[in-house]
Amino acid sequence: AMGDVGVATTPDVNSMHWNPAKLAFNKNDLGASMSFVPWLRSLVNDINLSYITGYKKIGDRQAIGFELGYFSLGQITFTDASGGLIGNYTPNEYVIGSAYSRKLSDDFSLSVGGKYILSDLTGGQKAGEYETTSGKSFAGDVSGFYSNPIRISGKDIDLAIGCNISNIGSKIKYTETATNDFIPINLRLGTALGADIDDYNKVSIAFDINKLLVPTPPNENGGMDPDVGVVTGIFQSFWDAPGGTKEEFRELMYSVGGEYWYANQFALRTGYFNEHDTKGGRKYFTLGMGMKYTVYTIDFSYLVNVNNDAGVTNPLANTMRFSLTWDFGGIKEIN
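Using my numbering, read the sequence shown as starting at 530 and increasing by one per residue.
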């Protein structure tokens, strides 16, 4: 609900997705969360994304986290070249991963993690004369997190800075003859500021920048060969845009968000996400709220599209997201 910021926001159970290095800063020993997103509901009604994550602290300075994601693309009808029915199938994708986070000092932590990705889009159906297979990839994440209180205008402010390079992994393909494709290797940088207004009210703001670390395809204006190795592609992505430096900056995605908590039980959130029109054109506001009751927290967000150029409606418009979090550390306090 905060415009898809998260690399430097307050550590919680969903840090496994945004920045696993934050896990070592979690105050409680154990937590888990389940999220559900009805996806692209302005187009179809049977695509959805489910996500389960959790963590366990090991002492005061270490933590391990896990994640399981499932993406269902809805039922697809396969036909042959003449339009004859071959059969129905529900394409899907899985990701399962884990991460280890450790504090190197009271203010700074690092994390490394790995994941396995399975993308089954065809169910083994033929694409023309070619056999198809499930796409598979192994990937890793490297992240860091810094948190330290500072003083601004006589007020104590919690400053946080985060960085996460995710999906550093092998290329993926779906037929034996196809060119291997990069998975979405991503760099996320961000910062957050939080302050307690009084004993009952606290606010925070956060800002993230995202950049895909994959080669930009060349066009009539030039460019570089995108058929390179993973490591080369990561570094090449910083200077291979056909339009030069101007286009490189267009590849950056910006997010800003704010959050308000009352008595640590009720939260209001909002944010904005921006992507350049030539790189996808996703522009939207987000709104949401959260309610905490003893050891449970329920969160909800809603996406409002703001890019209706040429009368085209963003398929992400009206996207709703739901999550339920269990704070097992809170059970100890209650007992």
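Note that the Cβ used here is the ideal one computed from N, Cα and C, for glycine as well.
Limits of the beta strand (DSSP E) - the one that residue i falls within
| i | result |
| --- | --- |
| residue 522 | Outside the shown range of the chain (530 to 864) lies residue 522, about which nothing can therefore be said. |
| residue 665 | 664-681 |
| residue 820 | 812-822 |
| residue 647 | 637-649 |
| residue 554 | Residue 554 -> no beta strand (DSSP E), and no H or E assigned at all. |
| residue 661 | Where residue 661 is concerned, there is no enclosing beta strand (DSSP E), given that its DSSP letter is neither H nor E. |
| residue 855 | 849-856 |
| residue 603 | No beta strand (DSSP E) contains residue 603, which DSSP labels as neither H nor E. |
| residue 802 | 795-803 |
| residue 749 | Premise fails: residue 749 is in no beta strand (DSSP E) and is neither H nor E. |
| residue 829 | 825-834 |
| residue 782 | 782-791 |
| residue 691 | 684-698 |
| residue 538 | Run containing residue 538: none; DSSP gives neither H nor E here. |
Rounded straight-line distance, which links the Cα of residue j to that of residue i
| i | j | result |
| --- | --- | --- |
| residue 570 | residue 600 | 14 Å |
| residue 819 | residue 581 | 18 Å |
| residue 476 | residue 606 | One cannot answer for residue 476 here, as it falls past the ends of the chain, which runs 530 to 864. |
| residue 578 | residue 688 | 32 Å |
| residue 637 | residue 588 | 16 Å |
| residue 761 | residue 702 | 19 Å |
| residue 627 | residue 705 | 30 Å |
| residue 811 | residue 531 | 15 Å |
| residue 545 | residue 551 | 8 Å |
| residue 836 | residue 620 | 29 Å |
| residue 565 | residue 731 | 27 Å |
| residue 674 | residue 575 | 37 Å |
| residue 682 | residue 568 | 44 Å |
| residue 649 | residue 746 | 25 Å |
| residue 751 | residue 777 | 14 Å |
| residue 783 | residue 658 | 43 Å |
| residue 771 | residue 834 | 29 Å |
| residue 847 | residue 814 | 10 Å |
| residue 845 | residue 676 | 33 Å |
| residue 623 | residue 699 | 16 Å |
| residue 641 | residue 715 | 15 Å |
| residue 603 | residue 832 | 21 Å |
| residue 775 | residue 668 | 30 Å |
| residue 671 | residue 852 | 25 Å |
| residue 646 | residue 598 | 9 Å |
| residue 748 | residue 773 | 12 Å |
| residue 728 | residue 635 | 25 Å |
| residue 754 | residue 744 | 8 Å |
Where the alpha helix (DSSP H) containing residue i begins and where it ends
| i | result |
| --- | --- |
| residue 760 | 759-765 |
| residue 776 | 774-779 |
| residue 544 | 544-547 |
Buried versus exposed, by CB contacts within 10 Å (16 or more), residue i
| i | result |
| --- | --- |
| residue 548 | buried |
| residue 586 | buried |
| residue 610 | exposed |
| residue 573 | exposed |
| residue 644 | buried |
| residue 712 | buried |
| residue 802 | buried |
| residue 696 | buried |
| residue 758 | exposed |
| residue 786 | buried |
| residue 678 | exposed |
| residue 828 | buried |
| residue 742 | buried |
| residue 533 | buried |
| residue 666 | buried |
Residues near residue i by beta carbon distance below 8 Å, same chain, minus five either side
| i | result |
| --- | --- |
| residue 684 | 724 |
| residue 756 | 708 |
| residue 555 | 540, 541, 542, 544, 584, 586, 592 |
| residue 655 | 661 |
| residue 633 | 639 |
| residue 726 | 732 |
Residues of its chain near residue i, where Cβ-Cβ distance is below 6 Å and the 5 sequence neighbours each way are ignored
| i | result |
| --- | --- |
| residue 536 | 547, 548, 691, 693, 717, 719, 737 |
| residue 856 | 557, 560, 824 |
| residue 854 | 542, 562, 826 |
| residue 596 | 545, 582, 626 |
| residue 850 | 566, 830 |
| residue 781 | 738, 740 |
Close Cβ partners of residue i (< 7 Å) along its chain, the five nearest in sequence each way excluded
| i | result |
| --- | --- |
| residue 779 | 805, 807, 808 |
| residue 631 | 553, 590, 591, 638, 639 |
| residue 608 | 614, 615 |
Count the C-beta pairs between the stretch 655-665 and the stretch 532-542 that are closer than 8 Å, then say yes if the count reaches three, no if not. The stretch 655-665 is not in contact with the stretch 532-542.
Three or more C-beta pairs under 8 Å: does that hold for the stretch 711-720 against the stretch 730-739? Contact between the stretch 711-720 and the stretch 730-739 is present, because at least three Cβ pairs lie under 8 Å.
Evaluate the contact criterion for the stretch 583-598 versus the stretch 608-619: three or more CB pairs, one atom per stretch, below 8 Å. In short, these stretches do not touch, since the Cβ pair count stays below three.
Hey, is the stretch 788-802 in contact with the stretch 817-836, meaning 3+ C-beta pairs nearer than 8 Å? yes
Count Cβ pairs between the stretch 762-774 and the stretch 783-793 that sit closer than 8 Å; are there 3 or more? no
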